[in-house]
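Student:
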Amino acid sequence: APERQTLTERAAELLKAHNAVLVAHYYVDGPLQDLALATGGIVSDSLEMARFGRDHAAQTLVVAGVRFMGETAKILSPEKRVLMPDLDATCSLDLGCPADDFAAFCDAHPDRQVVVYANTSAAVKARADWMVTSSCALEIVADLHAKGQKILWAPDRHLGRYIQEQTGADMLMWNGACIVHDEFKGLELELLREQHPNAQILVHPESPKSVVDMAHVVGSTSALIKAVVEGTAQEYIVATDNGILHRMRQLAPHKTLIEAPTAGNSATCKSCAHCPWMAMNGLLNLVQCLERGAPEIHVDEPTRVKAQRCINRMLDFTA
Ligand code: 13P
Ligand code: SF4
Numbered sequence: 084a085p086e087r088q089t090l091t092e093r094a095a096e097l098l099k100a101h102n103a104v105l106v107a108h109y110y111v112d113g114p115l116q117d118l119a120l121a122t123g124g125i126v127s128d129s130l131e132m133a134r135f136g137r138d139h140a141a142q143t144l145v146v147a148g149v150r151f152m153g154e155t156a157k158i159l160s161p162e163k164r165v166l167m168p169d170l171d172a173t174c175s176l177d178l179g180c181p182a183d184d185f186a187a188f189c190d191a192h193p194d195r196q197v198v199v200y201a202n203t204s205a206a207v208k209a210r211a212d213w214m215v216t217s218s219c220a221l222e223i224v225a226d227l228h229a230k231g232q233k234i235l236w237a238p239d240r241h242l243g244r245y246i247q248e249q250t251g252a253d254m255l256m257w258n259g260a261c262i263v264h265d266e267f268k269g270l271e272l273e274l275l276r277e278q279h280p281n282a283q284i285l286v287h288p289e290s291p292k293s294v295v296d297m298a299h300v301v302g303s304t305s306a307l308i309k310a311v312v313e314g315t316a317q318e319y320i321v322a323t324d325n326g327i328l329h330r331m332r333q334l335a336p337h338k339t340l341i342e343a344p345t346a347g348n349s350a351t352c353k354s355c356a357h358c359p360w361m362a363m364n365g366l367l368n369l370v371q372c373l374e375r376g377a378p379e380i381h382v383d384e385p386t387r388v389k390a391q392r393c394i395n396r397m398l399d400f401t402a
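Plus 83 on top of the position in the sequence shown (first one is 1) and you've got the numbering used here.
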């Protein structure tokens, strides 16, 4: 539509004028992903978004994703201006892990290494020894376990359980979940698999055990994209936010992508898998945020300094 084109062009112009770079997650709308790539930015998973923002020379980072991604960018680059189209774009994992309750949990278990998922507030990260994302959580916990460490894990219980099963680590868990991935259903997936016996099943580890257990590949958003691009199968059943299909289709146009089922009655809801907070990012509020220089992410300095340590540990580990 011409209107969309105008907004895209305007956004590109503003990015250039403000020496700004767009850092987008795979779950945001396709036009934002395309704009990021066309203007020298990135569309990626949460680990690479963090690294890219830190290493890029631009003075302004515009993060199209959810709040913890903007906060992570600011924690790593306090000298840069970090803008987001909508600061209300949060995450059920972040909301479900308030910093005070989390601190009390940590206080009660001082003998454990505190490992938190990226999907948490800056205040929670400030209390952690390690931050991990879904693309490095397994390796980092395996390493800690090999060194004899016991772990306190927060907040995603499904990812925690998956890592615990894979590594055998001693993990005490917070009880959080992603409202999107928590909805994928094992039984319905089994029926779908019967209809598509040759399909590869790709699952993000924030999904329930019944779904993860059926996966050919379990991994972060970038790992799932890689599985489609490099896989020899023709069909793929994808159990993660359906925003990812945009990039998968671009990179593997001849492959068949099928969304994994999310609701008990799959006749009425074949897939509802889209994060409402990721969906708050659009071209219009992107343009507005560039025009106004707001909303901007701020993290208070004592919290930032503490939170930076656990993120840097992860970045060094995965370098
Ligand atoms: P990835 O790190 O796999 O991109 O997943 C993060 C996430 O859940 C974003 O919502
Ligand atoms: Fe959080 Fe889930 Fe949305 Fe990712 S998809 S931002 S984990 S609620």
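Yeah, the Cβ is synthetic: ideal placement off N, Cα and C, and Gly gets one too.
None of these values were measured; they are calculated from a predicted model.
Could you check whether the Cβ of L176 sits closer than 7 Å to any heavy atom belonging to the ligand SF4?
Tutor: yes
Student: Tell whether a beta-carbon distance below 8 Å holds between K268 and A346.
Tutor: Yes, the pair counts as a contact, with Cβ atoms nearer than the cut-off.
Student: With a CB to CB cut of under 7 Å and the five nearest residues on each side skipped, what residues in its chain are close to G113?
Tutor: Residues H329 of the same chain have their beta carbon placed closer than 7 Å to that of G113, with the five preceding and five following residues left out of the count.
Student: Is the closest heavy atom of the ligand 13P to the C-beta of D117 under 7 Å?
Tutor: no
Student: Could you compute how far the alpha carbon of V382 sits from the alpha carbon of E273?
Tutor: So the alpha carbons of these two residues sit roughly 45 Å apart.
Student: If we ignore side chains and look at the alpha-carbon of each, how far apart do D253 and A402 end up?
Tutor: 26 Å
Student: How is the alpha helix (DSSP H) around A225 delimited, first residue to last?
Tutor: A220 to A229
Student: If we require 4 or more residues per run, which alpha helix (DSSP H) segments fall completely within the segment 281–357?
Tutor: 292–295, 304–313 and 328–334
Student: Quick check: the segment 115–130 against the segment 174–191, are there 3 or more CB pairs under 8 Å?
Tutor: no
Student: How should N348 be labelled, buried or exposed, when 16 other C-beta atoms within 10 angstroms of its C-beta is the threshold for buried?
Tutor: Reliability of the predicted coordinates at N348 is poor, the pLDDT of 48 falling under 50, and the value obtained from them is presented with this limitation in mind. The residue is exposed, with fewer than 16 neighbouring Cβ atoms inside 10 Å.
Student: When DSSP labels each residue in this structure, what does I234 get in the three-state scheme?
Tutor: strand
Student: What are the start and end residues of each continuous beta strand (DSSP E) run of 3 or more residues lying completely inside the segment 140–217, in chain order?
Tutor: 143–147, 164–166, 196–200 and 213–215
Student: Looking only at DSSP bridge pairs, what is D239 linked to?
Tutor: G259
Student: Does A377 come out as helix, strand or coil in the three-state DSSP assignment?
Tutor: coil
Student: Are A103 and L340 touching if we call contact CB-CB under 8 Å?
Tutor: no
Student: Could you tell me the alpha carbon to alpha carbon distance between T323 and T304, rounded to whole angstroms?
Tutor: 8 Å
Student: Let me make sure I understand the geometry here. Which of C358, D169 and A140 has the alpha-carbon closest to that of L153?
Tutor: Looking at the sequence provided, one finds Gly at residue 153 rather than Leu. G153 has its Cα closest to that of D169, out of C358, D169 and A140.
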